[in-house]
Ligand code: PLP
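Structure, rendered in structure tokens:
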């Protein structure tokens with residue numbers, strides 16, 4: 226694969242460098258303090274799995290803009306599709322003057338989502354917007370109000386999705402009151418609860434039955450691989466048991482695949498790993514190579530529940546974003562990128578898994594495909610979260626040209642979301658920085 230920027234890390238100035246500092250000064254004056262940044266450096270360009278800052282420093286990108294540039298940043302085919310679409314029209318609006326790319330993309334999404342039943346799709350701009358609309362669709366279809374979400378869940382920052390999100394700081398603190406009829410159920414978190422999938426599902430179903438009542442539930446909404454909450458893979462059998470419970474009780478089962486979907490885990494959608502067929506799937510992030518686009522895809526009869534005009538938005542299904550999504554999906558297929566996700570998983574596990582036995586502070590390495598994480602603890606017997614070590618190691622990595630993102634309800638998880646085009650050489654180089662730092666600070 227050809228890249229515009231050399232795929233290697235390089236630090237040529239102080240961190241942050243002088244031009245970054247200049248931008249920081251203006252940021253402090255003009256940008257709301259409510260916006261945070263993991264990296265103190267300001268990026269000028271990006272290609273593949275490299276971020277290059279305004280001072281010429283190059284970082285290995287293990288974040289992909291929070292799992293967005295899965296296809297690689299500025300992927301040439303996506304760039305070309307964007308350029309071509311933008312010369313035809315920069316904005317078209319489906320509610321006023323319809324156009325073909327909206328149909329093409331919805332058709333493609335119905336083809337690649339799991340489930341061999343008639344499906345339909347609708348397009349939006351952000352992950353949170355897709356979740357908001359999945360709730361609207363499920364409520365309209367069932368005529369019920371209650372929405373069941375889970376411990377450790379993250380679904381967005383709008384008012385309804387804040388209510389659905391678990392963690393208070395930084396997502397909810399001081400931003401209430403929150404939307405009603407949202408019920409939080411226990412998740413399966415094998416490293417911490419040590420329950421089998423069946424046991425964890427029985428606990429969850431009992432809570433729903435007793436505290437909400439199955440007949441009141443419009444939707445059960447869950448991330449099949451919990452992202453922001455700590456890259457938690459529920460124990461095998463947990464998700465299928467919930468799907469069965471939902472089907473038996475007329476509840477719409479929604480898989481929030483905003484972060485885990487679109488080839489990230491080595492399949493089109495993470496739900497496929499356990500063979501579940503969600504009634505609705507929310508998709509965003511890796512769907513369009515960086516263009517703002519999201520979707521709800523699912524059973525045709527549920528998707529048709531709303532009256533015309535009840536669902537939509539001015540910018541939803543922008544033609545340039547649609548073209549980017551179609552090119553991105555084509556790249557996943559033709560460049561065999563799901564196999565690359567599995568190649569990344571193999572290397573990460575090979576390098577990091579031995580650390581669990583070597584260092585008492587490394588609790589677990591987990592995830593699927595190129596959605597992996599390492600959970601750090603004070604010691605393996607107490608499993609007390611160790612967010613301080615996460616902060617130290619991530620800062621250490623930045624000073625050496627590697628950007629890792631963190632996550633977890635307790636802030637003690639380092640997550641790996643590399644673009645699938647990250648070369649093995651770059652991957653191993655970035656991981657070696659992490660391993661050395663863990664050995665030094667453990
Ligand atoms: N759902 C999940 C699982 C997410 O990871 C995110 C974002 O990280 C969202 C929803 C919200 O997406 P957005 O930030 O595009 O609104």
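In our numbering, the protein residues as written are 226 to 667.
Where a beta carbon is used, it is the ideal one built from N, C-alpha and C, also for glycine.
On a predicted model such as this, the values are computed, not experimentally measured, just so you know.
Is the Cβ-Cβ distance between residue 658 and residue 620 less than 7 Å? The Cβ atoms of residue 658 and residue 620 do not sit closer than 7 Å to each other.
When you measure from the CB of residue 380 to every non-hydrogen atom of the ligand PLP, does any distance come out below 6 Å? Yes; taking the cut-off as 6 Å, the Cβ of residue 380 has a heavy atom of the ligand PLP nearer than that.
Can the beta-carbon of residue 458 be found less than 7 Å from the beta-carbon of residue 352? No, they are not a contact pair.
Can you tell me the Cα-Cα spacing of residue 629 and residue 396, whole angstroms? Those two C-alpha atoms are separated by around 20 Å.
Could you work out which residue in 625, 633 and 641 is closest to residue 661 when comparing CA atoms only? Among 625, 633 and 641, the Cα nearest to that of residue 661 is on 625.
Examine the Cβ distances between the segment 487-503 and the segment 557-573 and report whether three or more of them are shorter than 8 Å. Enough Cβ pairs lie closer than 8 Å, so yes.
Considering residue 563, what are the terminal residues of the alpha helix (DSSP H) in which it resides? Counting along the chain, the unbroken alpha helix (DSSP H) around residue 563 starts and ends at 562-577.
Would you check if the distance between the CB atom of residue 443 and the CB atom of residue 548 is smaller than 7 Å? No; because the gap between Cβ atoms is not below 7 Å, this pair is not in contact.
If you measure between the beta carbons of residue 519 and residue 486, is that distance less than 7 Å? No, the pair does not count as a contact, with Cβ atoms beyond the cut-off.
Does the segment 378-398 come within contact of the segment 421-436, defined as at least 3 CB pairs closer than 8 Å? In this structure the segment 378-398 does not touch the segment 421-436; the number of beta carbon pairs closer than 8 Å is below three.
Name the two residues that bound the continuous alpha helix (DSSP H) containing residue 557. In the DSSP assignment, residue 557 falls within the alpha helix (DSSP H) that extends over 544-559.
When you compare the CB positions of residue 375 and residue 420, do they come within less than 7 Å of one another, or not? Cβ atoms of residue 375 and residue 420: not closer than 7 Å.
Cα-Cα separation, residue 521 to residue 415: Answer to the nearest angstrom: the Cα atoms are 29 Å apart.
Sorry if obvious, but does the Cβ on residue 563 come closer than 6 Å to a heavy atom of the ligand PLP? Not one heavy atom of the ligand PLP is found less than 6 Å from the C-beta of residue 563.
Hey, could you find the ends of the beta strand (DSSP E) residue 271 is sitting in? Per DSSP, residue 271 belongs to the beta strand (DSSP E) from 268-272.
Given the structure, does residue 502 come close to the ligand PLP, in the sense that its CB is under 6 Å from one of the ligand's heavy atoms? For the ligand PLP, not one heavy atom lies less than 6 Å from the Cβ of residue 502.
What span of residues does the alpha helix (DSSP H) with residue 620 cover, start to end? Start and end: 612-624.
Can you pull the DSSP bridge partners for residue 276? Beta-bridge pairing links residue 276 to 271 and 284.
Drop a sphere of 10 angstroms on the beta-carbon of residue 571, count the other beta-carbons inside from all chains shown, and report buried for 16 or more, exposed for fewer. So residue 571 counts as exposed.
C-alpha gap between residue 656 and residue 245, whole angstroms: About 26 Å.
If you run the structure through DSSP and keep just helix, strand and coil, what is residue 538? Residue 538 falls in the coil class under three-state DSSP.
Going by other Cβ atoms of all chains shown within 10 Å of its Cβ, with 16 needed for buried, is residue 705 buried or exposed? Nothing about residue 705 can be read from this structure; the chain reaches only from 226 to 667.
Alpha carbon to alpha carbon, how far is residue 635 from residue 541? Give it in angstroms, no decimals. Per the coordinates, the alpha-carbon of residue 541 lies some 35 Å from the alpha-carbon of residue 635.
Return yes when the C-beta of residue 261 is under 6 Å from any heavy atom of the ligand PLP, and no when it is not. False, no ligand heavy atom lies under 6 Å from that Cβ.
So for residue 650, helix, strand or coil by DSSP? Helix, per DSSP.
Is any non-hydrogen atom of the ligand PLP found closer than 6 Å to the C-beta of residue 488, if you look at the structure I gave you? Answer for residue 488: no, Cβ out of range of the ligand PLP.
For the beta strand (DSSP E) containing residue 593, name the first residue and the last one. Counting along the chain, residue 593 sits inside the beta strand (DSSP E) bounded by residues 587-593.
Decide if residue 669 is buried, meaning its Cβ has at least 16 other Cβ atoms within 10 Å, or exposed. Since the displayed the chain opens at 226 and closes at 667, residue 669 lies outside it and no answer follows.
Go through its chain and collect everything with a Cβ distance to residue 496's Cβ below 6 Å, but skip five positions before and after it. Excluding sequence neighbours, residue 496 sits near 339, 449, 480 and 503.
Which whole runs of the beta strand (DSSP E) in the segment 379-443 are 3 residues long or more, in chain order? Whole beta strand (DSSP E) segments, 3+ residues: 407-410.
When every heavy atom of the ligand PLP is checked, does at least one fall within less than 6 Å of the C-beta of residue 368? Not so, every heavy atom of the ligand PLP lies at least 6 Å from the Cβ.
Unbroken beta strand (DSSP E) runs of length 3 or more, entirely within the segment 462-486: which are they? The segment 462-486 contains these whole beta strand (DSSP E) runs: 477-481.
Sort 606, 641, 558 and 437 by Cα distance to residue 591 and report the nearest one. Residue 591 has its Cα closest to that of 641, out of 606, 641, 558 and 437.
How would you label residue 283, buried or exposed, when you count the other beta carbons within 10 angstroms and need 16 or more for buried? Residue 283 comes out buried.
Excluding five sequence neighbours on each side, which residues of the same chain lie with their C-beta closer than 6 Å to the C-beta of residue 229? By the criterion of a C-beta distance shorter than 6 Å, residue 229 is surrounded in its chain by 272, once the five residues flanking it on both sides are discounted.
Strand pairing of residue 362, partner residues [DSSP]: The partner list for residue 362 (beta bridge, DSSP) is empty, contrary to what the question assumes.
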